Structure formats: C-alpha cells, structure tokens
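Undergrad:
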Amino acid sequence: MNRLHPSATIALMALLAGCSGGGAAPEQYGANPQLPAQQRGLLPSMTIAKPAAWGDRLPTVPPGYTIKAIATHLRIPRQTLVLPNGDILVAEGRGGSAPKLKPKDIVAGYIKAKGTSSAKGGNRLTLLRDADGDGTYEMKTVFAEHLNAPYGLALIGDTLYVADQDALVKFPYTTGQTRASGAPVKITDLPSAINHHWTKSLAAGTDGRYLYVGIGSNSNITERGITAEVERARIWQVDAQTGMHRTYATGLRNPTALAIQPGTGALWAVVNERDELGPDLVPDYLTSVREGGFYGWPYSYWGQHIDPRVRPQDPEKVAAAIAPDYSLGSHVAALGVAFSSPAMGAEFADGVFIGEHGSWNRSSPVGYKVVFVPFRDGHPAGNPIDFVTGFRGDDGMTRGRPVGVTVDPRGALIVADDLSNTLWRVTPTASSATMAPATPVATSRAAPASTAGETRR
Amino acid sequence: MAVIVERARWVLHPLNAVLLAGALALFLGALLSDIVYFRSYEIQWNNFSSWLLAGGLVVGAFAFLAAIIELFRNRWRVWPALAYALLVLATWILGLIDELVHAKDAWATMPAGLVLSVIVVVLACAALWIAFAGMRAGDVP
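So the protein lines, in turn, are chains L and V. Our numbering numbers the first residue of the first sequence as 0 and each following residue consecutively. Our numbering numbers the first residue of the second sequence as 54 and each following residue consecutively.
#1: Against chain V, does residue 46 (chain L) count as a neighbour if the rule is that its beta carbon must be under 8 Å from one of theirs?
#2: When you compare the CB of residue 215 (chain L) with every CB in chain V, is at least one pair closer than 8 Å?
#3: Could you please tell me which residues of the segment 309-342 of chain L, in chain order, have their CB closer than 8 Å to any CB of chain V?
#4: Chain V partners of residue 102 (chain L), CB-CB under 7 Å?
#5: Mapping the DSSP letters down to three states, classify residue 419 (chain L) as helix, strand or coil.
#6: List the endpoints of the continuous beta strand (DSSP E) containing residue 390 (chain L).
#7: For residue 12 (chain L), which residues of its own chain have a beta-carbon under 7 Å away from its beta-carbon, when the five flanking residues on both sides are left out?
#8: Is any beta-carbon of chain B found at less than 8 Å from that of residue 278 (chain L)?
#9: Would you kindly report the start and end of the unbroken beta strand (DSSP E) that includes residue 92 (chain V)?
#10: Could you spell out the range, first to last residue, of the beta strand (DSSP E) harbouring residue 91 (chain L)?
#11: Starting from the C-beta of residue 91 (chain V), find all residues in its chain whose C-beta is less than 8 Å away, skip the five residues before and the five after it, and write them out in chain order.
#12: Using only CA atoms, which one of V:107, V:75, V:67 and V:178 lies nearest to residue 122 (chain V)?
#13: Kindly indicate if chain L contains any beta-carbon less than 8 Å away from that of residue 132 (chain V).
#14: Using the rule of at least 16 other Cβ atoms within 10 Å of the residue's Cβ for burial, across every protein chain shown, is residue 398 (chain L) buried or exposed?
#15: Using a Cβ-Cβ cut-off of 8 Å (strictly less than) and excluding sequence neighbours within five positions of residue 437 (chain L), which residues of its own chain qualify?
#16: Tell whether a beta-carbon distance below 8 Å holds between residue 420 (chain L) and residue 71 (chain L).
#17: Who does residue 233 (chain L) pair with in a DSSP beta bridge?
#18: Identify whether residue 180 (chain V) lies in helix, strand or coil by the three-state DSSP scheme.
#19: Can you give me the Cβ contacts of residue 79 (chain V) inside the same chain, cut-off strictly under 6 Å, excluding the 5 residues immediately before and after it?
#20: Taking residue 332 (chain L) as the reference, which of L:127, L:128, L:137 and L:359 has the closest Cα?
#21: Could you pull out every residue in the same chain whose Cβ sits closer than 7 Å to the Cβ of residue 88 (chain L), ignoring the five residues on either side in sequence?
#22: Identify the contact partners of residue 154 (chain V) in chain L, using a Cβ-Cβ distance below 9 Å as the criterion.
#23: Could you name the residues that DSSP lists as bridge partners for residue 68 (chain L)?
#24: What three-state label does DSSP hand residue 116 (chain L) in the structure shown?
#25: Which of the three DSSP states, helix, strand or coil, is assigned to residue 457 (chain L)?
#26: Taking only three categories from DSSP, how would you classify residue 267 (chain L)?
#27: Closer than 8 Å, CB to CB, is residue 151 (chain V) near chain L or not?
#28: By the criterion of Cβ-Cβ separation under 7 Å, what are the contact partners of residue 171 (chain L) in chain V?
#29: Looking at residue 124 (chain V): is its Cβ nearer than 8 Å to the Cβ of residue 114 (chain V)?
#30: Report, in whole angstroms, the separation of the C-beta atoms of residue 37 (chain L) and residue 276 (chain L), which I expect to be a contact under 8 Å.
#31: Contact between the segment 131-146 of chain V and the segment 178-186 of chain V: three or more CB pairs below 8 Å?
#32: Are any of the Cβ atoms in chain L nearer than 8 Å to that of residue 137 (chain V)?
#33: What does the alpha-carbon distance come out to for the pair residue 461 (chain L) and residue 171 (chain L)?
#34: Which residues of chain L have a Cβ atom closer than 8 Å to the Cβ of residue 69 (chain V), listed in chain order?
#35: Assuming residue 78 (chain L) is part of the beta strand (DSSP E), what are its boundary residues?
#36: Is residue 7 (chain L) close to chain V, meaning its C-beta is less than 8 Å from at least one C-beta of that chain?
Below you can see the structure in the form of structure tokens.
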C-alpha cells in the first residue's frame with residue numbers, strides 16, 4: 000500500500016477524533032457564549048474519568064473554607080436535602096434501563112461505565128445527623144428503602160416528597176424523625192418509558208402548593224425516535240395535594256436540578272445540553288424557567304441554532320425557542336444547583352452553587368468541580384468562580400464527581416459525590432464567618448418549603 | 054520445471070463464495086434500510102442498518118481471511134485472486150467507515166451513510182464478478 004504523508008496522517012487522525020485539537024476553548028460563560036461550527040469526526044472525542052481513591056487527599060476549597068467528608072460508603076448519592084433541624088437526607092440510587100439500540104451503544108456504554116462507581120445503587124434515603132453541632136455527622140441511618148432510583152427531594156410543611164425515576168411519592172415527616180413511618184404513597188406516575196435520562200429533579204414552589212419536576216429527554220438527539228420523546232425534556236408543575244400536573248416549560252433536554260430563587264420565588268434550572276456536535280457545543284446552562292417557555296430541544300440550541308440531526312425539522316418551534324440565561328460551558332454536566340445564603344461568607348453570599356459531574360464527550364476534560372455563579376440584582380453577573388476543585392487530580396486520576404449541591408442555612412455547602420460515594424461538607428472557617436457579621440447563623444426562619452438543591456428560607 | 058498458470062481455470066474455493074455472498078446480503082440489507090430511513094425518517098431503519106453493517110463486517114472479515122488463504126494457495130500468482138482479495142479488503146474498510154458513520158445519532162448518519170452503503174455493495178459485487186468471471190457452465194469449483 001502507499002505510504003501516508005505525515006501531514007495526511009495527522010489530518011486523518013483529526014478527522015477520526017473530531018478535530019478537537021488542543022486549541023484554547025472559546026469563552027463560553029454567560030448570556031452570549033461563542034458557539035463554534037458543528038463538527039463530529041468518525042469517532043467522537045472521548046476522555047473517560049480514570050477513578051482512583053482519595054487516600055489522604057481532599058478536594059480543594061478557597062482560603063477561609065474547610066471541607067470534610069461527613070459520610071462515606073454511600074450507595075451512589077445524588078441529591079441531598081437539609082431538613083429543618085439540620086439533619087441531611089441523601090437520595091441514593093442508579094436508574095435507567097434504556098435498551099441498547101446500536102452496536103455503538105454497547106461500545107459506548109462499556110467505555111463510559113469505566114468512569115463511574117461500580118457500587119450498586121442504594122434505592123434508599125439515608126439520614127445523617129449531627130446532634131451536637133460539631134460538624135461530625137455521627138448518626139447515619141436508613142430513612143427509607145426499596146425506592147426506585149430516588150433523585151429529587153423536597154419538603155413542604157410536614158410532607159417529604161421524593162422523585163423516583165418512575166413516580167413522585169411522599170412520606171409524612173415530623174422534625175426529628177429518623178425512619179419513615181411506612182411505605183411511600185404515590186402522588187403521580189412520572190414518564191418512565193425507556194428512561195434514557197432517568198433522573199427526576201424536584202423543587203417545591205414557595206406557595207407550598209406546587210412541585211416542579213424536571214424530566215430529561217429519552218435520547219441525545221432523537222436517536223430513539225421522536226415518539227419516544229412524548230412528555231420528555233420538560234418541567235412539570237404538579238399539584239402536591241392532588242397529583243394533577245401540567246407542563247410548565249418544554250425543550251429543556253435534561254433539567255438535572257431545579258431551585259427556587261429566594262425572594263422572587265422564580266424557578267431556576269440547570270440543563271445538560273446535547274452531545275456529539277464538537278468539544279465546544281452545546282453549552283450546558285443555568286436559566287430561570289419561563290412558564291410556557293420552549294428552550295429549543297431537539298430542534299435547536301441556544302435560541303435559533305438549528306440541529307440538523309433532527310428530522311423532520313420544525314421551523315416554527317425553532318423560531319419560538321428561548322435562549323437560556325447563562326452558559327456554564329459545554330459538556331461540564333451540571334447536576335446540582337443551590338442558591339447561596341449570607342451564611343456562606345460575604346464573597347459567596349449572593350449567587351448559586353453548581354455541581355459539575357464532568358465531561359466525557361471532549362478530549363480535554365471540563366467540569367469535575369463545584370462552581371459559584373455570582374448574582375447581582377437577581378441575575379447572574381460574572382464568570383463562574385471555582386468553589387470545590389481537585390476532583391480530577393493533576394495526575395489525571397479522578398477521585399470524585401460532584402452531583403447535587405445543597406446549602407445548609409447554618410452555613411455549609413453539602414456536595415454529593417457519586418464516584419467516591421462520599422458526602423462532602425464545605426464550611427466557612429471561623430475567621431471568614433466574621434467577614435459576614437450579618438449572617439444569621441444557626442437561626443432558621445419559618446419555611447413554607449424546603450427543597451433539594453435549594454437554600455431553605 | 055515451468056509452472057503453468059491456468060488463468061482461465063482459476064476458480065474460487067466455494068468457502069470464499071459463501072462468505073462473500075453472506076457479507077453481500079448483509080451489506081445489501083443495510084443499503085435497503087438506509088434507503089427506507091432516508092425516505093421515511095423512521096429511526097428503526099437506521100438501527101437496522103447499523104446492525105446489518107456490523108454483521109457484514111464480521112462475515113466480511115472471514116471473507117477477507119479466506120481470500121488471503123486463496124492467495125497463498127495460488128502462490129500469489131493469479132491476478133484475479135489478488136484483485137479479488139483487494140476488493141474484499143476495500144469492501145471491508147469502506148464498510149467499517151460506513152459503520153462508524155452509522156454510529157452517529159439520528160440524521161447525522163445521512164447522507165454519508167447511504168452513499169457509503171451504495172459504494173460498499175458495488176465493491177462487494179465487483180469482487181464477486183472478478184471471482185466468477187472465469188467460471189463457465191459445467192465447471193466444477
């Protein structure tokens with residue numbers, strides 16, 4: 000056979016790998032991210048996390064903050080909820096049973112599984128308690144079990160709501176309780192056929208009447224057929240009393256975490272966007288969710304950028320698509336969002352924390368950290384600030400992958416890590432707490448609603 | 054001693070014919086599925102194509118192996134055997150590229166996937182033509 004010229008070899012490799020050279024990634028934060036041209040080589044760019052144990056290492060936090068593991072050996076912790084008395088509930092599980100449709104799914108599934116925990120999903124809620132307030136959660140007990148891949152958690156008054164991968168269920172809850180009094184009661188079924196994106200995120204509205212449920216799409220980009228997307232890629236508003244629901248917003252590919260903004264009561268979401276359009280497409284985002292809004296999936300992204308992989312196309316839907324508020328960067332895989340509180344220290348008082356699980360569809364990894372997006376006047380203002388890093392070490396090994404983040408109003412950020420099966424707690428150290436003298440530490444204002452991934456108010 | 058190369062008498066071992074015919078049927082199935090997907094947007098045909106191509110690649114790999122053995126049997130002296138092996142190899146390589154294109158999501162497989170499927174089927178047919186062009190009625194393979 001003929002010899003390949005070196006430059007031809009490089010060109011061929013670039014074609015195979017999707018031309019994702021080591022060039023600087025475009026600035027992709029904020030309301031107007033740069034969106035490069037779509038590209039996809041014969042092989043998708045992939046860098047899968049190589050798991051390693053933490054050993055003596057800890058994640059890195061900013062000066063003036065301390066991080067500590069408050070629970071280990073969990074069974075795939077995803078989202079957490081801080082209860083009124085300070086107890087923490089952890090939803091543990093692994094869902095999804097989407098059938099493999101192409102040989103590609105078998106190969107990709109095998110490769111991607113290497114970057115996740117091999118532990119079995121708990122299908123349970125674990126309760127952690129720090130009775131004496133010393134920061135050590137000495138009690139760890141199973142609150143409820145035999146759930147079906149629980150993910151979203153919310154508390155309204157004396158009722159605890161859990162979003163399983165196939166249903167919204169509730170438990171009665173009284174403060175101080177450590178074990179559910181009985182089996183969960185189903186409020187409503189949730190769309191669960193196929194369940195490609197199985198996580199059901201949950202937030203409770205401030206009026207205490209409605210719950211919001213995030214339902215992910217059933218494919219990356221309609222490769223399971225458009226009929227599989229009925230009631231997918233949207234947010235439901237569910238009446239907590241009756242279980243009746245209506246669609247609140249659509250076109251959100253995978254709304255993995257929801258939060259209610261303190262003060263305004265507005266619903267916010269972090270959404271994971273589509274893959275296989277290149278290393279810098281499409282940005283995952285943080286957005287306030289407009290009632291009745293359509294956010295593009297599958298027909299377009301970031302407003303009117305058409306995705307040619309969808310047939311038949313729908314120009315009317317494309318024209319109606321809303322551009323989201325704030326780009327977090329492509330492939331960071333935001334899975335947690337929580338509004339901060341002054342108790343987190345002055346620098347991190349106004350904004351949201353976001354847990355980024357980390358990329359796979361990109362040769363140089365991104366995400367694998369918790370960032371803080373500062374807000375001003377109720378809107379994102381400025382680039383994300385690293386808050387917890389070191390999940391991916393300089394040695395190229397990955398020790399943790401952040402999922403849910405929750406602000407404890409007493410002044411702590413709870414981070415679920417579903418690779419090392421650890422719950423981390425980040426607190427301002429004494430000196431930085433004094434930087435925010437107005438902080439109402441350890442006081443708990445009357446709260447109509449308390450929600451996973453959201454500050455209690 | 055002179056070696057007489059019986060060009061007209063070169064006939065492929067039947068194992069080659071079975072393997073290549075098997076691969077051809079699978080690649081042809083992929084092409085037909087591609088055509089239906091191209092016309093209907095019905096995603097299942099796209100999945101069928103991907104599996105049919107995978108099957109064609111498995112059987113085609115054995116067909117190429119048999120073609121190499123055939124070359125050794127003929128001590129690399131029979132040009133149709135060489136052309137046959139090269140065409141089987143080309144079929145397989147294009148089939149692999151076609152399979153990688155079919156690993157993309159939804160309409161990202163089109164139109165490249167359909168074009169490649171046509172080329173793969175044409176190459177497989179060309180290999181068969183070369184293999185049996187020298188065969189006449191009454192020949193015993």
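Glycine residues also receive a C-beta, built at the ideal position from the N, C-alpha and C atoms. For clarity, every value in this text was computed on a predicted model and none was experimentally measured.
TA: Reading from the atomic positions:
#1: The residue labelled residue 46 (chain L) in the question sits at position 47 within the first sequence. Answer no: the Cβ-Cβ gap between residue 46 (chain L) and chain V never drops below 8 Å.
#2: Position 216 of the first sequence, counted from the first residue, corresponds to residue 215 (chain L). Not closer than 8 Å to any Cβ of chain V, the Cβ of residue 215 (chain L) fails to qualify, so no.
#3: 309, 310 and 311
#4: Start at 1 with the first residue of the first sequence, and residue 102 (chain L) comes out as number 103. Close to residue 102 (chain L), with beta-carbon spacing below 7 Å, are these residues of chain V in chain order: 103, 104 and 107.
#5: Position 420 of the first sequence, counting from 1, holds the residue named residue 419 (chain L). The answer is coil: DSSP assigns residue 419 (chain L) none of H, G, I, E or B.
#6: Residue 390 (chain L) sits at position 391 when you count from the first residue of the first sequence. Element bounds for residue 390 (chain L): n/a, residue is neither H nor E.
#7: Position 13 of the first sequence, counted from the first residue, corresponds to residue 12 (chain L). A caution first: residue 12 (chain L) carries a pLDDT of 43, below 50, which makes its placement in the model unreliable, though a value can still be read off. Cβ within range, chain order: n/a, list empty.
#8: Chain labels in this structure do not include chain B; the protein chains are L and V.
#9: Reading the second sequence from its first residue, position 39 is the one you call residue 92 (chain V). No beta strand (DSSP E) holds residue 92 (chain V); the alpha helix (DSSP H) holding it covers 67-93.
#10: Stepping through the first sequence from its first residue, residue 91 (chain L) is reached at position 92. Element bounds for residue 91 (chain L): 87-91.
#11: On the second sequence, position 38 is the one that residue 91 (chain V) refers to. Cβ neighbours of residue 91 (chain V) beyond the five flanking positions: 163, 164 and 167.
#12: Your numbering for residue 122 (chain V) matches position 69 in the second sequence. Nearest C-alpha to residue 122 (chain V): V:67.
#13: Mapped onto the second sequence, residue 132 (chain V) falls at position 79. By this cut-off, residue 132 (chain V) is not an interface position.
#14: Taking the first sequence and counting its residues from 1, one reaches residue 398 (chain L) at position 399. By the 10 Å Cβ count, residue 398 (chain L) comes out buried.
#15: Taking the first sequence and counting its residues from 1, the one referred to as residue 437 (chain L) is at position 438. At residue 437 (chain L), the pLDDT of 41 sits below 50, so the modelled position is not reliable and the matter cannot be decided from this model.
#16: One-based indexing of the first sequence puts residue 420 (chain L) at position 421. One-based indexing of the first sequence puts residue 71 (chain L) at position 72. Yes, they are a contact pair.
#17: Within the first sequence, residue 233 (chain L) is the residue found at index 234, counting from 1. Per DSSP, L:214 and L:249.
#18: Sequence index remark: in the second sequence, residue 180 (chain V) carries index 127 (1-based). Here residue 180 (chain V) sits in helix by DSSP.
#19: For the purposes of this step, residue 79 (chain V) is taken as the residue at position 26 of the second sequence. Once the five neighbours on either side are set aside, the close Cβ partners of residue 79 (chain V) are 105, 108 and 109.
#20: In the first sequence, counting from the first residue as 1, residue 332 (chain L) sits at position 333. Nearest C-alpha to residue 332 (chain L): L:359.
#21: Start at 1 with the first residue of the first sequence, and residue 88 (chain L) comes out as number 89. Result list for residue 88 (chain L): 79, 80, 82, 124, 126, 142 and 152, in chain order.
#22: Reading the second sequence from its first residue, position 101 is the one you call residue 154 (chain V). Against residue 154 (chain V), the close residues of chain L are 41, in the order they occur along the chain (beta-carbon pairs closer than 9 Å).
#23: Here residue 68 (chain L) is taken as the residue at index 69 of the first sequence, counted from 1. DSSP lists L:423 as partners of residue 68 (chain L).
#24: Position 117 of the first sequence, counted from the start, is the residue given in the question as residue 116 (chain L). Correct three-state label for residue 116 (chain L): coil.
#25: Outside the displayed range of chain L (0 to 456) lies residue 457 (chain L), so it cannot be described from this structure.
#26: Taking the first sequence and counting its residues from 1, the one referred to as residue 267 (chain L) is at position 268. Residue state, collapsed to three classes: strand.
#27: By 1-based counting over the second sequence, the position of residue 151 (chain V) is 98. No, residue 151 (chain V) lies away from the interface with chain L (no Cβ there is under 8 Å from its Cβ).
#28: For the purposes of this step, residue 171 (chain L) is identified with residue 172 of the first sequence, where counting begins at 1. In chain order: nothing, as chain V lies at least about 44 Å away.
#29: Within the second sequence, residue 124 (chain V) is the residue found at index 71, counting from 1. Within the second sequence, residue 114 (chain V) is the residue found at index 61, counting from 1. In this structure, residue 114 (chain V) does not lie closer than 8 Å to residue 124 (chain V) by Cβ.
#30: For this step, residue 37 (chain L) is matched to residue 38 along the first sequence. For this step, residue 276 (chain L) is matched to residue 277 along the first sequence. With 8 Å as the limit, residue 37 (chain L) and residue 276 (chain L) qualify as a contact, their Cβ atoms being about 5 Å apart.
#31: yes
#32: Residue 137 (chain V) sits at position 84 when you count from the first residue of the second sequence. Taking Cβ atoms only, chain L never reaches closer than 8 Å to residue 137 (chain V), which makes this a no.
#33: Nothing about residue 461 (chain L) can be read from this structure; chain L reaches only from 0 to 456.
#34: Reading the second sequence from its first residue, position 16 is the one you call residue 69 (chain V). Here the premise fails: no neighbours, minimum Cβ distance about 22 Å.
#35: Residue 78 (chain L) sits at position 79 when you count from the first residue of the first sequence. Per DSSP, residue 78 (chain L) belongs to the beta strand (DSSP E) from 76-81.
#36: In the first sequence, counting from the first residue as 1, residue 7 (chain L) sits at position 8. Only weak support exists for where residue 7 (chain L) lies, its pLDDT of 42 falling under 50; the value from the coordinates is given anyway. No - not a single Cβ of chain V is within 8 Å of the one on residue 7 (chain L).
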